[in-house]
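The sequence shown begins at 1 in the UniProt record's numbering and counts up one residue at a time. Idealized CB from N, CA, C, for every residue including glycine. In this text the structure is predicted, and so the values were computed from the model without any measurement. Have a look at the structure below before the remarks.
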Amino acid sequence: MSTTPPPLPLTEALRALDLPAKFLRHNESKPAWLRDLPALIEQLAARWSLGLDTHFPGIHLNYVAPATRADGTRCVMKVSRHVGETRNEIAALRVWDGDGAARLLHADPEIGALLIERLEPGTMLSELVDGEDSLESVDAGNAADDRATTITAGVLRRLWRPAPHASGLRSLESWCAGYDRNREALSRGAGGFPAQLFLRADALRRELLASTREQTVLHGDMHHFNVLRADGTERTHGAEPVAWLAIDPKGLAGDRCFDVCQFLHNPHQVTVAARRRRLDIFCAELGLDRARTNDWCFVHAMLNACWHFEDGGAWQDAVTYVEETLRF
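So this is what it looks like as structure tokens:
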């Protein structure tokens with residue numbers, strides 16, 4: 001008997017939003033949130049005096065749409081049912097106040113809604129590399145990939161600062177709670193999961209967390225699709241115009257070495273040599289301890305495998321990447 005849930009019945013208001021099927025599938029477990037979404041969007045538009053355009057194509061986790069304020073300022077509205085994570089994002093954007101990231105214009109942390117400036121032209125860093133060499137075949141010695149890594153290091157340099165007390169950021173220890181939730185199953189090799197590899201990563205995670213000397217404001221999800229070109233955004237860093245800014249932070253506080261891990265992981269079809277070179281560039285540009293950063297890459301990769309396991313997904317590819325990090 002099929003266990004596929006029946007299609008979510010769409011109200012007329014939801015149909016009018018013309019939401020992608022992937023967005024509906026991702027959020028169908030919260031039908032009340034979906035049902036109320038059209039009214040919530042209208043309320044936010046009225047509260048923030050916005051003219052809303054059609055949502056961006058390809059949305060699947062959150063509702064994200066371009067908008068225009070009453071004074072003609074172009075901006076972006078984001079609404080998420082993941083209210084806790086959105087609170088952390090809002091907290092980080094408030095700390096940065098536009099320094100290294102898109103500027104927060106309005107927010108309602110209680111309902112998971114925020115309004116940020118629209119970065120112009122908004123080209124993703126991934127397109128910088130795609131224009132010269134395919135991201136699907138990146139190897140060491142790829143000049144475009146080196147440039148993208150150096151650009152990202154510059155963005156991180158601006159974002160990193162001591163985490164203020166009571167800032168609303170999520171601790172890195174809490175972010176790594178997937179280890180605790182899955183330890184009982186994974187430490188005994190449930191479903192064929194490599195128990196010894198998990199235990200090794202779990203022990204290293206505890207060691208790294210305990211030895212972290214400074215709590216830094218972290219992006220938490222820094223990769224090629226969360227760094228946008230911002231030539232048309234009025235911003236300078238020192239005497240230099242800012243060309244690239246970050247979006248969609250997780251809003252964490254912890255060891256800065258953790259913040260380069262996701263960039264090494266994305267995209268998937270990248271050689272070990274290229275990932276090793278990215279790590280070398282980050283460590284040289286940002287003064288990071290290479291061995292410690294590599295250890296965090298291992299811990300970060302296993303955390304991703306934990307998430308795949310608990311979600312019932314195919315964790316095998318994630319574990320393959322865990323093993324790959326040991327060769328960085």
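- With fewer than 16 other beta carbons inside 10 angstroms of its own, residue 71 counts as exposed.
- Annotation: the stretch 171-206 contains the following complete segments of the alpha helix (DSSP H) (minimum length 4 residues), in chain order: 172-175, 178-186.
- Ranking 120, 15, 151, 169 by CA distance to the CA of residue 129 puts 151 first.
- At least 8 Å separates the beta-carbon of residue 286 from that of residue 114.
- In the DSSP annotation of this structure, residue 74 is not part of any alpha helix (DSSP H); the continuous beta strand (DSSP E) holding it starts and ends at 74-79.
- Uninterrupted beta strand (DSSP E) stretches at least 3 residues long and entirely within the stretch 104-159 occur at 104-108, 113-117, given in chain order.
- Rounded to whole angstroms, the gap between the alpha carbons of residue 194 and residue 213 is 31 Å.
- DSSP places residue 319 in the uninterrupted alpha helix (DSSP H) bounded by 316-325.
- Here the stretch 305-323 makes no contact with the stretch 271-291; the two share fewer than three CB pairs at distances below 8 Å.
- Nearest Cα to residue 160 within the set 122, 197, 220, 185: 220.
- For residue 52, the enclosing beta strand (DSSP E) begins and ends at 50-52.
- Taking a cut-off of 8 Å for Cβ pairs, the stretch 86-106 and the stretch 245-258 touch, as three or more such pairs fall below it.
- DSSP lists 170, 218 as the beta-bridge partner residues of residue 252.
- Here the stretch 95-110 makes no contact with the stretch 57-67; the two share fewer than three CB pairs at distances below 8 Å.
- Of the residues 79, 63, 52, 78, the one whose Cα lies closest to the Cα of residue 69 is 52.
- The stretch 196-212 and the stretch 108-122 do not touch, with fewer than three beta-carbon pairs separated by less than 8 Å.
- Residue environment for residue 326: exposed (fewer than 16 other C-beta atoms within 10 angstroms of its C-beta).
- With contacts defined as CB atoms closer than 8 Å, residue 38 and residue 14 qualify as a contacting pair.
- For residue 66, the enclosing beta strand (DSSP E) begins and ends at 63-69.
- For residue 47, there is no enclosing beta strand (DSSP E); the enclosing alpha helix (DSSP H) has its first and last residue at 31-47.
- Leaving aside the five residues that flank residue 261 on each side, the residues in its chain whose CB is nearer than 7 Å to its CB run, in chain order, 296, 297, 300.
- Burial of residue 215 is indicated by the presence of at least 16 other C-beta atoms within 10 angstroms of its C-beta.
- Using a 10 angstroms sphere on the CB of residue 228, the tally of other CB atoms reaches 16 or more, which defines it as buried.
- For residue 229, the uninterrupted beta strand (DSSP E) run begins and ends at 227-229, by DSSP.
- The residue among 256, 40, 85, 25 with its C-alpha nearest the C-alpha of residue 163 is 256.
- Nearest to residue 40 by C-alpha distance, out of 63, 23, 225, 54, is 63.
- A straight-line Cα-Cα distance of about 16 Å links residue 119 and residue 96.
- Distance from the CA of residue 171 to the CA of residue 78, rounded to the nearest whole angstrom, comes to 23 Å.
- When only Cα atoms are considered, residue 16 and residue 54 end up about 10 Å apart.
- Under DSSP, no beta-bridge partner is assigned to residue 210.
- DSSP, reduced to helix, strand and coil, places residue 270 within a strand of the structure shown.
- The Cβ atoms of residue 244 and residue 93 lie no closer than 8 Å to each other.
- Under the three-state reduction of DSSP output, residue 288 falls in the coil class, being neither helix nor strand.
- One thing to note: residue 74 has its Cβ no nearer than 8 Å to the Cβ of residue 33.
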